[in-house]
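Working notes, structure below.
Residue numbers (my numbering): 55 to 470.
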């Protein structure tokens, strides 16, 4: 129990008035205010229940609704406050009579929403109680950005990622499974032209091929120390997990088998390639966190194994040639057997520094350092390409799209 600001104001007024009032009357006034405050607080000391609604799974960077309603019609006024973990924000976090708020997680993982706190103020506005509601805590999971990943899947389904989109009878492109003969389109590859059908029809005709399904797609998710570095409002690992999510859901949509190996100096998580493996990979890796150890790429590459050709996409950070030396040394192990893609996030802030007009001498030095960082990344990427890997990079918001485009391009060229 505690007095409100109104009660404190009344006591202060009585104290000021005591200069003019007889002492017994001033004491009586103070006692009256304190008694009224106590009675007001006691009238609302009973505990209240609440109904709280929150989704069990939310996405990082996406707002989700949280509602709290007070059960019954209590006397006085009730303010509801909901504490949240530091890795998320709640807007608003306090409201009178109930709470209808937006929950915004900023980090992936498992979290607990503790019981809300009710502040009950008596009808006179003099006394109040602050009490935690006796309800169970809510455990929930913060997944990667599923909204953005599903948006990419929708674009693939509607054929907005070039020739590898999905039509009524499956994804089409320059695969090897014959689908049908149709009229030549201006963007058709010359290899699709059916010359015999063209001669018979008297106009250009093309073969259309179905891109094969049931191919293996494996993501190697780097959890080493370099992946903890921030890029914008998230970590490099956050960006990589978002890219893995988009790639996995697109693979599910196109009927391929998807798997993931999350590693640092050892294998931490593993999902073998399977149908609908993208959804399984998200459930298995949504809460992975970077560790302060160097990544062992040889261990991860050896874990891929298998004689069946697959697309292996390594989601890592290309800091410079020396940091990527172990990756470059391990690439030939996979590049001889699989289609290997190395994807990394590009920091847009560093790129912006190199393009900014220097305003003072220090800015020239800053731009020089930024340019050397980009040159070191380019050198590391060139070494990887020389060993047989394909390299992909993108901004924090663009890496998922870049990875999906690389995957669809390899499917369209029958590289898987």
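The beta carbon of each residue, even a glycine, is placed where N, CA and C say it ideally should be.
Please read these numbers as outputs of a predicted model, since none were measured by experiment.
Looking only at 317, 365 and 355, the smallest Cα-Cα distance to residue 345 is reached by 317.
Within the same chain, 176, 178, 180 and 181 come within 6 Å of residue 94 by CB-CB distance, once the 5 residues on both sides are set aside. Its chain contains 272, 325, 326, 327 and 331 as the residues whose beta carbon lies nearer than 6 Å to that of residue 313, once the 5 sequence neighbours on both sides are disregarded; these appear in chain order.
Per the DSSP secondary-structure output, residue 273 pairs in a beta bridge with 314 and 367. Nearest to residue 162 by alpha-carbon distance, out of 200, 334, 120 and 379, is 200. Scanning 310, 434, 183 and 87 for the CA closest to the CA of residue 134 turns up 183. In this structure, the straight-line span from the alpha carbon of residue 410 to that of residue 421 is close to 8 Å. Between the alpha carbons of residue 148 and residue 287 lies a distance of about 26 Å. Annotation for residue 165: the continuous beta strand (DSSP E) segment containing it runs 163-167.
Shown here, residue 247 sits in a strand according to DSSP, grouped into three states. Comparing alpha carbon positions, the residue from 388, 92 and 343 closest to residue 358 is 388.
When the alpha-carbon of residue 401 is set against those of 131, 417, 459 and 427, the nearest one is in 427. Apart from the 5 residues on each side of it in sequence, residue 169 sits with its Cβ closer than 6 Å to the Cβ of 186, 187 and 189 in its chain, given in chain order.
Here residue 77 is exposed: its Cβ has fewer than 16 other Cβ atoms, across all protein chains shown, within 10 Å. Taking 8 Å as the cut-off, the beta carbon of residue 70 is found no closer than this to the beta carbon of residue 84. Around residue 434, the same chain offers 372, 374, 375 and 378 as residues with beta carbons nearer than 7 Å, after the five sequence neighbours per side are excluded. If only complete runs of 3 or more residues are kept, the region 107-136 shows the beta strand (DSSP E) at 111-113, 118-124 and 131-135, in order along the chain. In chain order, 312, 332 and 335 place their CB closer than 6 Å to the CB of residue 302, counting only its own chain and leaving out the 5 sequence neighbours on each side. According to the DSSP assignment, residue 308 belongs to no alpha helix (DSSP H), since it is labelled neither H nor E.
Distance from the CA atom of residue 115 to the CA atom of residue 252, rounded to whole angstroms, is 53 Å.
Residue 439 and residue 255 have their C-alpha atoms roughly 44 Å apart. In the DSSP assignment, residue 326 falls within the beta strand (DSSP E) that extends over 321-329. In the three-state reduction of the DSSP assignment, residue 195 falls in the strand class, which pools E and B.
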